[in-house]
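Below is one structure, written out as structure tokens, with a few remarks after it.
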Amino acid sequence: MRGGGILLLIGFVVLLTGCAGLSADMRLSNRGYEDILSRNYTQAEKHLAEALAINPDNPYALINMGVVYENTGREAQAREMYEKARALGSREVPSRTSQDWAKDKSLAEIAEKDAGGLSTNQKPLAKRGASM
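Residue numbers for the sequence shown follow our numbering, so the first one is 1466 and each next one is one higher.
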């Protein structure tokens, strides 16, 4: 993680009663999201890799994996994840973010800003990730 950088964490909080309706990839993506909140990037990477093995086009898992890569010094891989998420063009808006700038932004817009931050060597914008 770059010094003093704050990460953006986006997410959709699922209450216990709502978990049963989620797909396996979203349950794993949510676990990765929780791991990111705890700064457990090793465990987050494991959950997110499993989510992406099930659904390689899950924009939440792609953004979260980008966060993991960015915070473990793998910027090229982070950029690849953000670009894949952006290219999907998801207009879905996460129900929860940790940063005001990301409220009411689509996943594609968030991924574009994340990728842009890497290409201009800016510090991470906020505590970020994605969860449904």
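Think of the CB as a built atom: it goes at the ideal place given N, C-alpha and C, for glycine as much as any other residue.
Just so you know, these numbers come straight off a predicted model, no measurement behind them.
Between which residues of its own chain and residue i is the CB-CB distance below 6 Å, once the five residues before and five after are set aside?
{"i": "Pro1524", "result": "Ala1550, Leu1553, Ser1555 and Leu1572"}
{"i": "Gly1497", "result": "Ala1509, His1512, Leu1513 and Asn1529"}
{"i": "Glu1557", "result": "Leu1572"}
Measuring alpha carbon to alpha carbon, tell me which residue in the options is nearest residue i.
{"i": "Glu1548", "options": "Tyr1506, Lys1578, Asp1500 and Glu1557", "result": "Lys1578"}
{"i": "Ala1526", "options": "Ala1580, Val1558 and Met1546", "result": "Met1546"}
{"i": "Ala1580", "options": "Ser1503, Arg1539 and Glu1557", "result": "Arg1539"}
{"i": "Glu1535", "options": "Asn1495, Lys1570 and Thr1507", "result": "Thr1507"}
{"i": "Ile1519", "options": "Ser1488, Arg1504 and Thr1537", "result": "Ser1488"}
Under the assumption that residue i contacts residue j (Cβ atoms under 8 Å), give the Cβ distance between them as a whole number of angstroms.
{"i": "Leu1583", "j": "Ala1543", "result": "6 Å"}
{"i": "Val1533", "j": "Ile1575", "result": "About 16 Å; that fails the 8 Å criterion."}
Residue i by DSSP, collapsed to three states: which one?
{"i": "Asp1579", "result": "helix"}
{"i": "Leu1412", "result": "The requested residue 1412 does not occur in the structure, where the chain is confined to residues 1466 to 1597."}
Using a Cβ-Cβ cutoff of less than 8 Å, which residues in the same chain neighbour residue i once the five nearest sequence positions on both sides are dropped?
{"i": "Leu1414", "result": "Past the edges of the chain, shown from 1466 to 1597, lies residue 1414, and the structure says nothing about it."}
{"i": "Asp1569", "result": "Val1558"}
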